[in-house]
Amino acid sequence: MSAAMKNFAVLASGYGSNLQAIIEAEKKGKIRARLTLVISDRKDAFVLQRAKKAKIPLLFVDPAHFADRESYDCEIIKHLKTAGIDFVVLAGFMRILSPQFIQNFKNKILNVHPALLPAFKGSRAIEDAFHYGVKVTGVTIHLVDEKVDHGPIILQETVVIEQKDTLAKLKKKIHALEHRLYPKAIDLFARGKVSVVGRKVIIGSRV
Ligand code: GRF
């Protein structure tokens, strides 16, 4: 294990299939960084069971105990700093981060979105793309900035919507792509291969 290896945390609210893909990729050496903390805002989220099974330190931070988003985020930042987290991976985290959170981890927060941004922003992206009738959709891995589903794009890949595809089939295709693309982007980021120039991400050695 290299001394320069970075530590990262996953923040998630739900089923955690992306967390599972990340855990497995790290085990296989496909993510050259250490997942050292999982945080959820939902006590009974299945993602916490996955973290427990993989023996990754986990935390449930209850939003009900905080007056507003800023104080909640302050608590999360405290845990991330205490754990020595270098960068943050959002995997179905159903909260909008405060500007303060984003400033604390500027260009160090990754998110996965189940559509080709800037199309179909929001939490119903797969459904929206399907019902709109687009022939091609996909997955976007991007850095998080102050605007929702907006930051510089690290990786994007397409999924073709076939005429015979049901919404359920499309969801399967999108999730399978997320599970392949997100670990790849995390590994690139962790190894310092992601540079931001304005709105654009340059993949490769640092400039
Ligand atoms: C994924 O579809 C991701 O794109 C979106 O939330 C979903 C999380 O799924 N942001 P899971 O909890 O990782 O299974």
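Residues are numbered in our numbering as their position in the sequence shown, beginning at 1, plus a constant of 1086.
Idealized CB from N, CA, C, for every residue including glycine.
Cβ-heavy atom distance, residue i to the ligand GRF, below 6 angstroms
i, result
"G1178", "yes"
"V1280", "no"
"Y1218", "no"
"N1104", "yes"
"G1100", "yes"
"V1198", "yes"
Given residue i as reference, the closest of the options once Cα atoms are compared
i, options, result
"K1141", "A1150, E1156, Q1106 and D1127", "Q1106"
"K1138", "P1149, V1147, D1148 and I1125", "I1125"
"Q1186", "L1229, H1165, V1133 and C1160", "C1160"
"R1277", "K1286, L1267, G1290 and G1284", "G1290"
"R1136", "V1096, D1251 and I1188", "V1096"
"S1209", "V1220, V1234, K1192 and K1194", "V1234"
"G1224", "K1257, T1244 and H1217", "T1244"
"V1222", "L1229, V1230 and P1200", "P1200"
"G1100", "N1197, F1152, V1174 and D1127", "D1127"
"I1227", "V1198, I1212 and T1252", "V1198"
"E1232", "H1261, N1193 and D1251", "N1193"
"E1098", "I1247, V1174 and K1255", "The amino acid at residue 1098 is misidentified as Glu; the sequence shows Ala. Nearest of I1247, V1174 and K1255 to A1098, Cα basis: V1174."
"M1180", "D1172, P1149, I1260 and T1168", "P1149"
Sheet register partners of residue i (DSSP bridge)
i, result
"S1103", "The partner list for S1103 (beta bridge, DSSP) is empty, contrary to what the question assumes."
"K1281", "According to the sequence provided, residue 1281 is Ser. The question's Lys does not apply to it. DSSP output for S1281 lists I1288 as bridge partner(s)."
"V1124", "V1096 and L1144"
"V1198", "I1227"
"E1307", "One cannot answer for residue 1307 here, as it falls past the ends of the chain, which runs 1087 to 1293."
"L1134", "According to DSSP, which records beta bridges pairwise, L1134 is partnered with nothing at all."
"F1173", "F1094"
Interface flag, residue i vs chain B, CB-CB below 7 angstroms
i, result
"Y1158", "Looking at the structure shown, chain B is missing, and only one protein chain is on hand."
Quiz item: Counting Cβ pairs, one atom from each stretch, are 3 or more of them under 8 angstroms apart for the region 1270–1287 and the region 1237–1244?
Solution: yes
| query | Any chance the region 1201–1218 sits against the region 1115–1130, with 3 or more Cβ pairs inside 8 angstroms? | reply | no
Inset, instruction - Count the CB pairs spanning the region 1268–1276 and the region 1101–1115 that are closer than 8 angstroms, and state whether there are at least three. - result: yes
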